[in-house]
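Report on the structure given below.
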Amino acid sequence: MKKIELESYNLNIFLKDLKELNISLSENQLCQFMQYYELLIEWNQVMNLTAITDFDEVCKKHFIDSLSLIKVYDGDSDTNSGNKSKIYSSASVIDVGTGAGFPGIPLKIVFPDMKITLLDSLNKRINFLQTVINELELKNIEAIHGRAEDFAGKGKLREKYDLCVSRAVANLSTLSEYCLPYVKVGGKFISYKSEKIAEEMAGAEKAIAILGGKVEKQVKFMLPDSDIYRNLVVVYKCKNTPAKYPRKAGIPAKEPIKDI
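Those letters in the sequence shown? Residues -13 to 246, by my numbering.
In structure tokens, the structure reads:
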């Protein structure tokens, strides 16, 4: 891993925001975040990874936002099954539509024992993610090129994961069809949303039920010391997803289940 001079960064805001999430990092983990930032900015000059490039904004709007998952997924006993789950030491996680690696890579840095799959449809982004994985020396993490619909079929990655996360911009009904097929019965799908979504939630109820899930909770909050509104929607997988889902590429976006 590249040697990072932490003294060259003003980490005050980032460290304060981490503390608000009850997260403390080692020097090595901080160096990994800084190297991730440097790679993001370097690659962003030749391909479109993010419109956010200011250091403090990347830390808050990408890193802290990704890590806000712990507000709803803390490893306590599962209220639906009563079973204890060692979330951070053993969870298998897939990040669907990961883009530049959010939330998957920040989660991997903070919780290194997580087993993470990053899935994205653009091969150039996969090349970037593989570089990040290699440069940060991350283990038990893979970057896969493909559409969400293509890898959720029988014999592939279907119902293999304890947790599916996504910050992808898509209607919750469509996103549920992309994501719930990857989740084991007893696992969870957590959608990161940046807007108030009461109408979207109501429209997605039919899709979520058909796909084998039920909304467990919705947590609304502001990112630390900001006016940035966030929503985390937690869907519990209570039964297997019917074999017909997800439908062929493009159909979930054009014809969400709620409209069928």
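Cβ coordinates follow ideal geometry from the N, Cα and C atoms, glycine included. Bear in mind the structure is a predicted one, so any value in this text is a computation, not a measurement.
Its Cα nearest to that of residue 159, the residue 186 stands out among 180, 186, 148, 150. Within 10 angstroms of the beta-carbon of residue 142 lie fewer than 16 other beta-carbons, which makes it exposed. The secondary-structure analysis by DSSP pairs residue 175 across a beta bridge with 150, 221. When secondary structure is reduced to three states using DSSP, residue 112 falls in the helix class. Residue range -2 to 6 is occupied by the alpha helix (DSSP H) that includes residue 2. The C-alpha of residue 41 lies about 18 Å from the C-alpha of residue -11. Looking at the backbone, the Cα of residue 223 and that of residue 175 are separated by about 7 Å. In summary, residue 197 is buried, with 16 or more beta-carbon neighbours lying within 10 Å of its beta-carbon over all protein chains present. For residue 129, the beta-bridge partners assigned by DSSP are 104.
In this structure, the beta-carbon distance from residue 49 to residue 92 falls below 8 Å.
Spatial neighbours of residue 225 in its own chain (CB-CB distance under 8 Å, excluding positions within 5 residues in sequence) are listed in chain order as 171, 198.
The beta-carbon separation of residue 216 and residue 51, rounded to 7 Å, stays under the 8 Å limit for a contact. Residue environment analysis places residue 97 among the buried positions, since at least 16 neighbouring C-beta atoms fall within 10 angstroms of its C-beta. In the DSSP assignment, residue 216 forms a beta bridge with 207.
If you check the CB distance, residue 181 and residue -13 do not come in under 8 Å. Excluding the 5 residues flanking it on each side, residue 229 has same chain C-beta neighbours closer than 8 Å at 140, in chain order. For the set 43, 169, 166, the Cα lying nearest the Cα of residue 213 is the one of 43. The secondary-structure analysis by DSSP pairs residue 40 with nothing; it has no beta-bridge partner. Residue 25 is positioned such that its CB atom lies no closer than 8 Å to that of residue -3.
In the structure shown, the three-state DSSP call for residue 180 is coil.
Going by DSSP, residue 79 is part of no alpha helix (DSSP H) but of the beta strand (DSSP E) stretching over 78 to 82. When secondary structure is reduced to three states using DSSP, residue 202 falls in the strand class. Where residue 242 is concerned, there is no enclosing alpha helix (DSSP H), because DSSP gives it neither an H nor an E. By the Cβ rule, the segment 19 to 39 does not count as touching the segment 74 to 83, because fewer than three pairs are nearer than 8 Å. Taken through DSSP and simplified to helix, strand or coil, residue 46 comes out as helix. Of all alpha-carbon atoms in 1, 165, 101, 150, the one lying nearest the alpha-carbon of residue 126 is that of 101. Beta bridge pairing from DSSP links residue 32 with no other residue.
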